[in-house]
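Notes to accompany the following structure.
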Amino acid sequence: MKPTDFSINISTYLSKYLPGMAGLSTNTILSYRDMFTVLLNFYEFELSIPAEKIQMRHFNQENLSRFINWLENKRGNSTSTRNIRLAAIHAFARYIVRKDPSLMFEMQKVLSIPYKKTGKGSLEYINQNAMQILLGLPDTGIKAGLRDAALLSLMYDSGCRVQELCDIRPCDIRLDQPSTVKITGKGNKTRIVPILPSMAKLLKNYMESHDLIRESQNFSPLFQNRMGSKLTRKGISYIVDKYVQEARKNCQASYPEKFTPHCFRHSKSMHLLHAGINLIYIRDLLGHADIKTTEIYARIDGEMKRKALERGMDLVPEDQAPIWQENKSLLEWLNSLG
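Residue 233 in the working numbering sits at position 225 of the sequence shown; the count goes up by one each step and never skips.
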């Protein structure tokens with residue numbers, strides 16, 4: 009079957025432009041892949057246009073507006089997910105404009121599809137006592153427990169994202185003082201994050217017990233499952249949930265109802281903020297491109313707001329103070345990218 013202009017554009021976009029010229033990470037590319045997979049299913053089952061017959065003329069404002077509404081109304085996607093899918097659509101439309109200016113008018117109409125406003129949710133984090141209890145739960149006397157202790161502690165100590173934790177290798181760890189971990193973040197940007205001596209000691213014990221010290225293991229995943237494969241985000245979420253459930257049973261501290269691996273990152277940020285660490289340093293630790301992203305932590309901390317108000321009240325006098333080819337289907341090709 010002869011490929012359509014739409015399938016050729018998708019193939020070039022996902023396999024060449026995004027990883028090459030745009031320099032996006034594998035996970036970002038896969039999220040774009042997922043959007044196109046859902047979109048193709050929408051065209052086939054809602055518009056009766058098989059994936060292999062979709063053309064660029066079908067990638068228009070009317071169809072895509074229906075798709076965005078379908079995500080919320082039929083698939084039950086959240087407003088946030090809807091906006092993420094729309095962002096991927098907009099990015100592809102901008103790519104098409106650069107590649108084929110004759111389609112600019114149609115793509116501008118696609119780009120006019122608006123995002124939907126979302127309510128700003130609160131950042132979930134726990135205090136230092138609750139974190140200390142959580143990090144102390146794994147049994148370091150067994151190999152699996154030692155791995156979990158190193159994993160949870162490094163996630164907190166470095167403030168890394170869960171995917172960044174998945175991607176860390178033994179060669180990224182410097183155990184000698186000053187100890188550091190090299191983290192590869194969004195857009196394949198790397199940053200060097202210092203870790204505490206106690207963290208370095210725990211990592212050394214873990215790496216020695218799991219035979220990860222040898223030079224031949226330098227490029228293996230630092231954290232592996234029972235089969236020796238790299239732990240996935242889902243696997244790490246399972247480990248985190250296991251110990252959070254155990255901590256709740258002990259009733260020694262309070263934990264948010266929805267406690268995800270990202271809560272370690274939020275908690276580290278808030279603890280640094282409470283310690284008086286400059287936002288610039290926290291930004292560099294977290295790998296934020298914009299300081300405005302880091303400022304969110306300062307805005308949401310109620311305790312700090314209260315203390316600031318109390319300090320302000322002290323100034324008031326007392327009396328005033330109160331790739332496409334052969335016969336492979338487009339959907340098969342998209343799935344093969346994973």
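Where a beta carbon is used, it is the ideal one built from N, C-alpha and C, also for glycine. In this text, all values refer to a predicted model and were calculated from it rather than measured experimentally.
Next on the checklist: What residue range does the beta strand (DSSP E) around I37 cover?
Outcome noted: First-last for I37: 34 to 54, but that is the alpha helix (DSSP H), not the beta strand (DSSP E).
Item to check | Own chain partners of A316 with C-beta closer than 6 Å, once the 5 adjacent residues on each side are dropped | outcome: Confidence at A316 is low in this model, with a pLDDT of 44, below 50, so the placement of that residue should be treated as unreliable; the coordinate-derived value is given next. Scanning its chain for C-beta atoms nearer than 6 Å, with the 5 sequence neighbours on each side dropped, one finds no residue around A316.
Checklist entry - Roughly how many angstroms separate the alpha carbons of Q253 and F267, rounded to a whole number? => result Rounded to whole angstroms, the gap between the alpha carbons of Q253 and F267 is 10 Å.
Checklist entry - Taking DSSP as the reference, what is the three-state secondary structure of L192? => result The sequence shown places Thr at residue 192, not Leu. T192 carries a strand assignment under DSSP once its states are collapsed to helix, strand and coil.
Checklist entry - Are the beta-carbon atoms belonging to E172 and I150 less than 7 Å from one another? => result No, Cβ-Cβ distance for E172 and I150 is not below 7 Å.
Item to check | CB contact flag (L79, A101, <7 Å) | outcome: No, the pair does not count as a contact, with Cβ atoms beyond the cut-off.
Next on the checklist: Less than 7 Å between the C-beta atoms of S277 and I290, yes or no?
Outcome noted: Going by C-beta atoms, S277 is nearer than 7 Å to I290.
Checklist entry - On the three-state DSSP scale, how would you describe Q232? => result Q232: strand per DSSP, three-state reduction.
Item to check | Cβ neighbours of E334 in the same chain (closer than 7 Å, five flanking residues each side left out) | outcome: Confidence at E334 is low in this model, with a pLDDT of 48, below 50, so its placement is unreliable and the value that follows should be read with caution. There are no such residues.
Item to check | Pick from S86, E54, Y103 that is closest to S19, judged by C-alpha positions | outcome: Ranking S86, E54, Y103 by CA distance to the CA of S19 puts Y103 first.
Item to check | Cβ-based burial, D322 [other Cβ within 10 Å; buried from 16] | outcome: At D322, the pLDDT of 38 sits below 50, so the modelled position is not reliable; the number obtained from the coordinates is stated separately. With fewer than 16 Cβ atoms within 10 Å of its Cβ, D322 is classed as exposed.
Checklist entry - Taking all protein chains shown into account, do 16 or more other C-beta atoms lie within 10 angstroms of the C-beta of E60, making it buried, or fewer, making it exposed? => result When all chains shown are included, E60 counts as buried.
Item to check | Pairwise C-alpha distance: N226 and L220 | outcome: Each residue's alpha carbon lies about 7 Å from the other.
Checklist entry - Any idea what DSSP makes of T89, helix, strand or coil? => result Looking at T89 - three-state DSSP - the assignment turns out to be helix.
Checklist entry - Cβ atoms of V189 and D180: under 7 Å apart, would you say? => result Their beta carbons are under 7 Å apart, which means D180 touches V189 by this criterion.
Checklist entry - Quick one: Cα of L204 to Cα of S187, how far? => result Looking at the two C-alpha atoms, the distance is approximately 7 Å.
Item to check | Rounded C-alpha distance that separates I62 from T87 | outcome: Roughly 27 Å separates the two Cα atoms.
Checklist entry - Any idea if G167 is buried or exposed, counting beta-carbon neighbours within 10 angstroms, 16 or more meaning buried? => result Per the 10 Å Cβ criterion, buried.
Item to check | A316 in three-state terms, based on DSSP | outcome: Unreliable positioning characterises A316 in this predicted model, as indicated by a pLDDT of 44, which lies under 50. A coordinate reading is not provided.
Item to check | Which residues DSSP lists as bridging P202, in chain order | outcome: According to DSSP, P202 shares a beta bridge with T188.
Next on the checklist: Judging by CA-CA distance, which residue of N196, M207, R199 is the nearest neighbour of Q185?
Outcome noted: For the residues N196, M207, R199, the minimum Cα distance to Q185 belongs to M207.
Next on the checklist: According to DSSP, is I97 part of a helix, a strand, or is it coil?
Outcome noted: In the three-state scheme derived from DSSP, where H, G and I count as helix and E and B as strand, I97 is classed as helix.
Item to check | Bounding residues of the alpha helix (DSSP H) (the contiguous stretch that carries N71) | outcome: Where N71 is concerned, the enclosing alpha helix (DSSP H) stretches over 69 to 81.
Next on the checklist: Just to confirm my understanding: we take N258, look at its own chain, exclude 5 residues before and 5 after, and list those with CB closer than 7 Å. What are they?
Outcome noted: Counting only Cβ-Cβ distances below 7 Å, and skipping sequence neighbours, we find nothing.
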